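Residue numbers (the UniProt record's numbering): 1 to 275. Beneath this line is the structure, given in structure tokens, with notes to follow.
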């Protein structure tokens, strides 16, 4: 379907081979979770080079919702108040943004927004308390990686007592999320024990284009604990996490030098390479 490029730790961007099945599966499931309908007005808030833009487009194509496209300058580093005024001018009902962008707004700035989602960075306690779901607006946190087609988990509607590092459970039946020993993918971790988050999904990418070694390192055909009815391939995210008693995932950090800035994925090794 398409190739999405992310930063690479050696200075060479990684091209991730995505499938039609992956993008359709994720967009349909997420549209259902976020209650996107033909009467919704969805903000195209991310640049086309960012895979989340395909999620915004795909949800609209699948439901008949209206896609409202932002100007490039409004997506990058807007002045305080600009984002809210733009969303209101478009009559936006659904928008996804980074927690950093959310910090430029107040709840009163976006009276038309019914469903607000954040992703790409850790959510702060202040944002949780300020934007907690109300009768007129539902607030969600999303988590995902490009290698499993954009998004894999969603929280329940966030309340003022929500744990900021809780990234929820798998979106619909699109995938299953597991915690394994970072040094041994064949060993599942116990409940509430920290380990590497791995994704089992029919929406997994086919690997990295022209990088077979990286593909073999990150995509595992099977693990010893998988049942015969499993979907097979696993993707090792490199995220440190734990699974709680209710099945939700708590994000603890990265196992490598990757970080996020304004929701964008950055490899510190790539910066060192170019320096």
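Using N, Cα and C, we set each Cβ at its ideal position, and we do this for glycine too. Just so we're clear, the structure is a prediction, and the values are computed from it rather than from any experiment.
By the Cβ rule, the region 126–143 does not count as touching the region 9–27, because fewer than three pairs are nearer than 8 Å. Within the DSSP secondary-structure output, residue 44 pairs in a beta bridge with 69. DSSP places residue 210 outside both helix and strand once states are collapsed to three, so it counts as coil. Our two residues, residue 115 and residue 105, have alpha carbons roughly 15 Å apart in a direct line. Here residue 42 is buried: its Cβ has 16 or more other Cβ atoms, across all protein chains shown, within 10 Å. If you compare the alpha carbons of 86, 121 and 241 with that of residue 110, the shortest gap goes to 86. Between residue 238 and residue 254, the C-beta gap is smaller than 9 Å, which places the two residues in contact.
Residue range 82–90 is occupied by the alpha helix (DSSP H) that includes residue 89. In terms of Cβ geometry, residue 52 and residue 119 form a close pair [threshold 9 Å]. One thing to note: residue 124 has its Cβ within 9 Å of the Cβ of residue 103. Residue 108 carries a helical assignment under DSSP once its states are collapsed to helix, strand and coil. With contacts defined by Cβ atoms closer than 9 Å, residue 223 and residue 148 do not form a contacting pair. With a cutoff of 9 Å on beta-carbon distance, residue 178 and residue 199 are scored as near each other.
The residue from 46, 170 and 13 with its alpha-carbon nearest to that of residue 33 is 170.
Cβ contact annotation for residue 70 (same chain, cutoff 8 Å, sequence separation greater than five): 43, 44, 45 and 86, in chain order. Going by DSSP, residue 130 is part of the alpha helix (DSSP H) stretching over 125–131.
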